[in-house]
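Everything on this sheet refers to the single structure shown next.
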Amino acid sequence: MKLLVQLLVNGLVNGAIYALVALAFGLVYRSTRIFHIALGAVYTTAAYGMYVGVKSGLGVGLALGILTAVLLSLAVEWGIYRPFVRKGSSLGVILIASLGVYIFVENLIALLFGNEVKIISSGIEPSYTFGPLILTRIQIIQFLVGFAITGVFFWGIKKTRFLKAVWAMGEEPLLLEVLGWPITRLRNAIFVWSAVLVGLASMLVAYDVGTDPHTGLSAILLGAVAVLVGGVDSLRGWIWTAFLIAEIQSLAIWKFSAKWNDAITFLLLILVLLLKPQGLFTSESRVEER
Amino acid sequence: MNYVIHLLIMINIYLVLAYSLNLVLGFGGLLSLCHAAFYGIGAYAYTLLAMHFDLPFMVALPLAMVITGLLAFFLGIPGLKFRGDPFVLVTLGFQVIIFSVLYNWVSLTKGPYGIPGIPRPEIFGFKIDSLYDFLGLTGSILILSVLFFLALYRSPFGLALKALREDERAAESLGKPSQLYLLWAFTLGGAVAAVSGALYATYVTYIDPTSFTLNESIFLVAILLVGGSGNFWGPTLGTIFLVLLPEALRFLGLPDTIAPNVRQMIYGTILIILMYWRPQGILGEFKIR
Amino acid sequence: MKKGELKLKNVGKKFKGFWAVKGVTAKFLPQRITGLIGPNGAGKTTLFHLITGELVPDEGDIIYQGESLKENPPWRVARKGIGRMFQDVRVFQGLSVLENIVLALQTPEEEIPFYGLLKKKEKKEEALRWIEFVGLENEIKRKAEDLSYGQQKLLALARIMAGNFDLLLLDEPIAGVSPVITKKILKLLREMVDKYKKTLVIIEHNMNVIMDITDWVYFLNEGRIYFSGRPDHVLGAEEVRRLYLGLVK
Chain G
1 MKLLVQLLVN GLVNGAIYAL VALAFGLVYR STRIFHIALG AVYTTAAYGM YVGVKSGLGV
61 GLALGILTAV LLSLAVEWGI YRPFVRKGSS LGVILIASLG VYIFVENLIA LLFGNEVKII
121 SSGIEPSYTF GPLILTRIQI IQFLVGFAIT GVFFWGIKKT RFLKAVWAMG EEPLLLEVLG
181 WPITRLRNAI FVWSAVLVGL ASMLVAYDVG TDPHTGLSAI LLGAVAVLVG GVDSLRGWIW
241 TAFLIAEIQS LAIWKFSAKW NDAITFLLLI LVLLLKPQGL FTSESRVEER
Chain E
1001 MNYVIHLLIM INIYLVLAYS LNLVLGFGGL LSLCHAAFYG IGAYAYTLLA MHFDLPFMVA
1061 LPLAMVITGL LAFFLGIPGL KFRGDPFVLV TLGFQVIIFS VLYNWVSLTK GPYGIPGIPR
1121 PEIFGFKIDS LYDFLGLTGS ILILSVLFFL ALYRSPFGLA LKALREDERA AESLGKPSQL
1181 YLLWAFTLGG AVAAVSGALY ATYVTYIDPT SFTLNESIFL VAILLVGGSG NFWGPTLGTI
1241 FLVLLPEALR FLGLPDTIAP NVRQMIYGTI LIILMYWRPQ GILGEFKIR
Chain Y
2001 MKKGELKLKN VGKKFKGFWA VKGVTAKFLP QRITGLIGPN GAGKTTLFHL ITGELVPDEG
2061 DIIYQGESLK ENPPWRVARK GIGRMFQDVR VFQGLSVLEN IVLALQTPEE EIPFYGLLKK
2121 KEKKEEALRW IEFVGLENEI KRKAEDLSYG QQKLLALARI MAGNFDLLLL DEPIAGVSPV
2181 ITKKILKLLR EMVDKYKKTL VIIEHNMNVI MDITDWVYFL NEGRIYFSGR PDHVLGAEEV
2241 RRLYLGLVK
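Chains as they are written, first to last, in my numbering: chain G, 1 to 290; chain E, 1001 to 1289; chain Y, 2001 to 2249.
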């Protein structure tokens, strides 16, 4: 019983991280329809940026992590996505190009830093006891940061101009341009925010368990699952689903063991999409959209 | 010389895989990321049948094909309800789930420890043992597969698949049942992937789940994207090119520690460049949607 | 029960609380051309979706040759003999003109894997017949994506003729097409009915075409049938002129 409560609370912590990743993926996907696999590269880059910078201090590490993530994100948007969009490439083609970017960066990092896991914080992490629960300091930070930021997006979706514009872009990009919205600036902002969100998630995780060049893909796939299962059209759905996935994973650990987590996450994806293809938190689409 | 024969054997094995995925991707137009899983199930099914039930090659192989084909069939029934990004993610899910089973169900598959000592095939009393024997075996199976797939690709069924890939709604308005036809393609593709699995298992005499990961599925898709798909020569070129590429790099004297990473970086770059300038691949017909 | 006879009985379709189509009752005369007119968003294309099975009606029934079409997926509706030409054409871009037509000629039995590699020769001859019907015989090897828009429409027409349907639903068959090809298409449409005994239902915005070739017209507005009758009656009706033709008294 004690274990279950601990696991469920861990689930909240993990959920906060997943929610950040889901937002990062979803913002790009919903507005540009691009399946941003390269986000995995941004994820990894942030962790390694932190790894390099932390030698000069934690603040430098954080700054360098975010900076490198944002730079890579913008580089991908300007160097890859925009040219492809201008060319009129289909979304599937852009997906593959994005995959190509991921593979390239993943292996560049492995080339430069080696394939082994890199630890960022050495020493034992202080832990705090809350009744039957034990949480490490980094876990608490993960939860607070993740919760705060996703909270901002959760409530901001109906209110801020930025999010409304992002949403409108996903519906009618041309209309937005006609109405005078600067699409390129909006896209830049989206890719910056996406990098910041995923960079924070990555660094929070890296500080906790370290990093290696190959974790990026699975991290952002989780975000992709949260977005598609939650429903592309429901930002709040992404957040709810991220937490849902984390809790289901905790339950799975409690019932079986951690080794089946990947399989269970995807089984959940498939089951939900079969029963409610538009996602848990949205409704129907038009025939013409097929 | 021996190394050249080894390369030819691997090319033969991968060609069969490429042609089978071509049916799903090039003809059906579906970006499936679970083909390595079928490759793996075929390898494991063959191995377990051959080793636990002492079945000869000519019996275990067709049985492995049936088992894999049935799995593909049952996965396809729900899976083929999706298109586009959800389909990619769902097949990715199948890949992850199947890999998980192969890796974690230790009592059945020995998990990460793998299964060593897979017996070499014996066909009509003739033991396939040497490199040249394997070249002959894989070559013969390749020829049979080529005939099989050419017949399929050029058949009315093949044309119907192409129509479905070009415009599913329009094809359905002409009476073509998309779910059913794509299911056949998916099932046949999976069943033939099992052939490569069995060949691989008997050739290397050892299998473990790490040969059948998501990365391997991505590699198979890359073959079709680089060489091209939707016809015969695209997958042929793609396979030869991507199987030989690491060898070419080795030739250039790249140290073994960094060679795999450099190779992957080259893959990534090739994918980006091709998708921009030639999304149908070098010799292919189908452009991803 | 005549060949190609389609009846709609009180058909209704709802989207999130809004009725795209409501209470539509209509009879489409077999071996005639019926026109479906109305403002954009009136529900004309939605009606086509409902007939072909891409949408399921919430109310009413669709009866084709005496049999209800409800619960049938589009491919089965097609196999019952209802063909469709889309507003956005939808020919198979990556396939050649010949392949587009051969595809339409293939029967379900032939499409079972491994069947009928041998039947290809016969198919080509039959395909040429329809390609010549629309006048594209110089383009048989060309990929559909390389054809002009007008040529693609002709190809789409040849394709549904090859499909051997009895009832054809045509969504704006001459929209966006040059006068020469328009004349050609109109001539082909009349031939399809007179010579090949097809039943046609046409969504059209061009009133000259409606006057010229249709035998009966339904005026649809806001999802309901407001008016129906012979083309000159419908187009002369005050309501139609006000709501649709923009001719206010």
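Positions of the beta carbon are idealized from the N, C-alpha and C atoms, including for glycine.
Here the structure is a predicted model, which means the values were calculated and not measured.
Neighbours of Tyr-2149 (chain Y) in chain E, taken as residues at a C-beta separation under 7 angstroms, are lacking, since the least C-beta distance is about 16 angstroms. Across the set Y:Leu-2189, Y:Val-2240 and Y:Tyr-2149, the C-alpha of Y:Leu-2189 shows the shortest separation from the C-alpha of Gln-2031 (chain Y).
The alpha helix (DSSP H) runs of length 4 or more contained entirely in the segment 206-289 of chain G are, from start to end of the chain, 216-230, 235-255 and 261-275. Put simply, the segment 1211-1226 of chain E touches the segment 1033-1053 of chain E. At least three CB pairs are less than 8 angstroms apart. Residue contact with chain G for Asp-1085 (chain E): present (Cβ-Cβ distance below 7 angstroms to some residue of chain G). Of all C-beta pairs linking the segment 165-172 of chain G to the segment 1-10 of chain G, fewer than three are shorter than 8 angstroms, placing the two stretches out of contact. With a threshold of 7 angstroms between beta carbons, Phe-1186 (chain E) makes no contact with chain Y.
Taking 8 angstroms as the upper bound for CB-CB distance, Leu-1224 (chain E) and Ala-1185 (chain E) are not in contact here, some 14 angstroms apart.
Sequence-distant Cβ neighbours of Pro-1056 (chain E) in its own chain, meaning closer than 7 angstroms and more than five residues away, are Glu-1122.
Across the set E:Val-1146, E:Met-1010 and E:Thr-1091, the C-alpha of E:Thr-1091 shows the shortest separation from the C-alpha of Ile-270 (chain G). Listed along chain E are Glu-1166 and Asp-1167, each with a C-beta nearer than 8 angstroms to that of Gln-2093 (chain Y). Legend: CB atoms of the segment 2205-2233 of chain Y lying less than 9 angstroms from CB atoms of chain E are not found in any residue.
Around the beta-carbon of Tyr-128 (chain G), fewer than 16 other beta-carbon atoms lie within 10 Å, marking it exposed. When rounded, the separation of the alpha-carbon atoms in Glu-247 (chain G) and Phe-2086 (chain Y) is 47 angstroms.
Residue pairing by DSSP places Ser-2228 (chain Y) opposite Y:Tyr-2218 in a beta bridge.
For Ile-157 (chain G), no alpha helix (DSSP H) run applies, since DSSP gives it neither H nor E.
Take the alpha-carbon of Leu-1142 (chain E) and the one of Val-1195 (chain E): they are about 10 angstroms apart. Within the segment 28-86 of chain G, the alpha helix (DSSP H) runs of at least 4 residues that lie entirely inside it are, in chain order, 39-53 and 58-76.
Taking a 10 Å sphere around the C-beta of Ile-1273 (chain E), we find fewer than 16 other C-beta atoms and assign the residue as exposed. Assignment of Leu-1089 (chain E) by DSSP, reduced to helix, strand and coil, places it in the helix class. Take Leu-1199 (chain E), set aside five residues on each side of it, and the residues of its chain with a beta-carbon closer than 6 angstroms to its own are Ile-1013 and Thr-1138, in chain order. Around Phe-1082 (chain E), the beta-carbon contacts reaching into chain G at under 7 angstroms are Leu-273. Note that the segment 109-116 of chain G does not touch the segment 89-99 of chain G; fewer than 3 beta-carbon pairs, one per stretch, sit closer than 8 angstroms. Annotation: Thr-2034 (chain Y) is outside any alpha helix (DSSP H); the continuous beta strand (DSSP E) that includes it extends over 2033-2037. Residues of chain Y whose Cβ lies closer than 8 angstroms to the Cβ of Ala-1170 (chain E) are, in chain order, Phe-2086, Arg-2090, Val-2091 and Phe-2092. Burial check for Thr-150 (chain G): the Cβ neighbour count within 10 Å reaches 16 or more, so the residue is buried. Within the DSSP bridge table, the entry for Leu-2200 (chain Y) names Y:Ile-2033 and Y:Leu-2168 as partners. The beta carbons of Leu-2170 (chain Y) and Leu-2136 (chain Y) sit about 18 angstroms from each other, so the pair does not count as a contact at 8 angstroms.
Contact check for Ile-245 (chain G) against Ser-31 (chain G) fails: the beta carbons are separated by 7 angstroms or more.
Around the beta-carbon of Trp-1105 (chain E), fewer than 16 other beta-carbon atoms lie within 10 Å, marking it exposed. Taking a beta-carbon distance threshold of 7 angstroms, Arg-1278 (chain E) does not count as an interface residue toward chain G. Within chain G, no residue has its beta carbon less than 7 angstroms from that of Gln-1179 (chain E); the closest one is some 13 angstroms off.
In this structure, the alpha-carbon of Ser-2096 (chain Y) lies about 14 angstroms from that of Leu-2105 (chain Y). A Cβ of chain E is located within less than 7 angstroms of the beta carbon of Pro-2074 (chain Y). Using a 10 angstroms sphere on the CB of Pro-2179 (chain Y), the tally of other CB atoms stays under 16, which defines it as exposed. By the C-beta criterion, the segment 8-16 of chain G is judged not to be in contact with the segment 74-93 of chain G, since fewer than 3 inter-stretch pairs fall below 8 angstroms.
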